[in-house]
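Novice: Residue numbering for the sequence shown follows numbering that gives the first Met the number 0, beginning at 0 and increasing consecutively. The C-beta atom is built at its ideal place from N, Cα and C for all residues, glycine as well. What follows is a structure written as structure tokens; I'll ask about it next.
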Amino acid sequence: MSADGVSEAAIDAIMRIMDAAFDPQWGEAWNRSQVASALILSHTHASLLGLDGTLPADPADAVGFAIVRAAPGEEEILLIAVEPGARRRGVGRALIAMLAANARLRGAERLFLEMRENNPARSLYESNGFAPIGRRKNYYRLGDGARMDAITFGLDLTAE
Ligand SMILES: CC(C)(COP(=O)(O)OP(=O)(O)OC[C@H]1O[C@@H](n2cnc3c(N)ncnc32)[C@H](O)[C@@H]1OP(=O)(O)O)[C@@H](O)C(=O)NCCC(=O)NCCS
0 MSADGVSEAA IDAIMRIMDA AFDPQWGEAW NRSQVASALI LSHTHASLLG
50 LDGTLPADPA DAVGFAIVRA APGEEEILLI AVEPGARRRG VGRALIAMLA
100 ANARLRGAER LFLEMRENNP ARSLYESNGF APIGRRKNYY RLGDGARMDA
150 ITFGLDLTAE
């Protein structure tokens with residue numbers, strides 16, 4: 000299911016996955032109030048996926064989620080995560096395929112995301128057609144206060 004409309008059950012599922020998926024040392028996870036506030040906005044969309052890569056009828060069965068922000072002609076993946084126990088089984092890839100398809104349906108020509116430069120998720124993005132297009136110096140503040148660059152990736156949605 001899409002979590003747009005944002006039921007409490009969908010936010011519960013997002014927070015369950017968020018808390019399990021993000022290592023606190025990177026300071027990337029959002030709290031419940033940040034998620035709920037973001038999803039009130041009409042141009043911000045959440046998606047949940049189950050282990051079989053399809054939309055679960057019950058949000059409690061979701062193992063992955065993503066939140067995107069839409070702007071005219073382009074969309075940005077704000078967060079994407081899969082529970083540790085469900086990784087390397089194609090859920091992340093399925094989420095990206097779904098986000099790209101939904102962005103195309105909304106008329107977007109580009110899909111962006113920002114990633115801390117040492118995130119192994121880079122291979123997921125590059126194997127799905129994203130290319131690095133920029134670097135933001137010291138963009139992330141890590142849990143210990145240190146800084147790390149962000150790499151901006153872009154996917155051309157008009158290419159296929
Ligand atoms: C990034 C993340 C969403 C990937 O989810 P996933 O369901 O494991 O991804 P998939 O199984 O679809 O991976 C598809 C391919 O991407 C690559 N890949 C995915 N995770 C990888 C990793 N940690 N290291 C190296 N390659 C990786 C591989 O090529 C993989 O194919 P393979 O398993 O056949 O080798 C997940 O690791 C995660 O939640 N990480 C923590 C949160 C995070 O950092 N999110 C991104 C920044 S917001």
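1. Within this structure, are the beta carbons of GLU125 and ALA149 separated by less than 8 Å?
2. Does the count of Cβ pairs from the region 81-99 and the region 117-136 closer than 8 Å reach three?
3. Pick from HIS44, PRO58, THR53: whose alpha carbon is nearest that of ALA69?
4. Please work out which residues of its chain come closer than 8 Å, Cβ to Cβ, to HIS42, disregarding the five sequence neighbours upstream and downstream, and give them in chain order.
5. Measuring from the CB of GLU74, is there a heavy atom of ligand 1 at a distance below 7 Å?
6. Going by DSSP, what residue range makes up the alpha helix (DSSP H) through GLY26?
7. Considering only the alpha carbon of each residue, which of GLU108, MET17, ALA59 lies closest to ILE66?
8. Taking contact to mean at least 3 C-beta pairs separated by less than 8 Å, is the region 77-85 in contact with the region 54-64?
9. I believe ARG103 touches GLU73 by the beta-carbon criterion, under 8 Å. Please report the beta-carbon distance rounded to the nearest angstrom.
10. Just to confirm the assignment, what range does the beta strand (DSSP E) spanning GLY52 have?
11. Just the Cα atoms here: how many angstroms apart are ALA9 and GLY144?
12. Along the chain, where does the beta strand (DSSP E) containing ALA149 start, and where does it finish?
13. What are the start and end residues of each continuous beta strand (DSSP E) run of 3 or more residues lying completely inside the region 88-135, in chain order?
14. For ILE132, verify whether its CB is less than 7 Å away from any heavy atom of ligand 1.
Specialist: According to the data block:
1. Counted from its first residue, the sequence shown places residue 125 at position 126. Counted from its first residue, the sequence shown places residue 149 at position 150. No, Cβ-Cβ distance for GLU125 and ALA149 is not below 8 Å.
2. The region 81-99 is in contact with the region 117-136.
3. Translated into the one-based positions of the sequence shown, residue 69 becomes position 70. Cα-wise, what sits closest to ALA69 is HIS44.
4. In the sequence shown, the residue the question calls residue 42 occupies position 43. The answer, listed in chain order, is ARG68, ALA69, ALA70.
5. Mapped onto the sequence shown, residue 74 falls at position 75. The answer is no for GLU74.
6. As a first step, residue 26 is located in the sequence shown; it is residue number 27 there, counting from the start. Segment: none, GLY26 is in no alpha helix (DSSP H) and carries neither H nor E.
7. Taking the sequence shown and counting its residues from 1, one reaches residue 66 at position 67. Nearest option by C-alpha distance: MET17.
8. By the criterion of at least three beta-carbon pairs nearer than 8 Å, the region 77-85 is in contact with the region 54-64.
9. Taking the first residue of the sequence shown as position 1, residue 103 is located at position 104. Taking the first residue of the sequence shown as position 1, residue 73 is located at position 74. Incorrect: roughly 12 Å between the Cβ atoms, too far for contact.
10. Within the sequence shown, the letter at position 53 stands for residue 52. That residue, GLY52, is in no beta strand (DSSP E); it is neither H nor E in DSSP.
11. For this step, residue 9 is matched to residue 10 along the sequence shown. For this step, residue 144 is matched to residue 145 along the sequence shown. Rounded to the nearest angstrom, the two C-alpha atoms are 32 Å apart.
12. Within the sequence shown, the letter at position 150 stands for residue 149. Its beta strand (DSSP E) spans residues 146-155.
13. Listed in chain order, the beta strand (DSSP E) runs fully inside the region 88-135 are 109-115, counting runs of at least 3 residues.
14. Counting from one through the sequence shown, the residue named residue 132 turns up at place 133. Result no, Cβ not under 7 Å from ligand 1.
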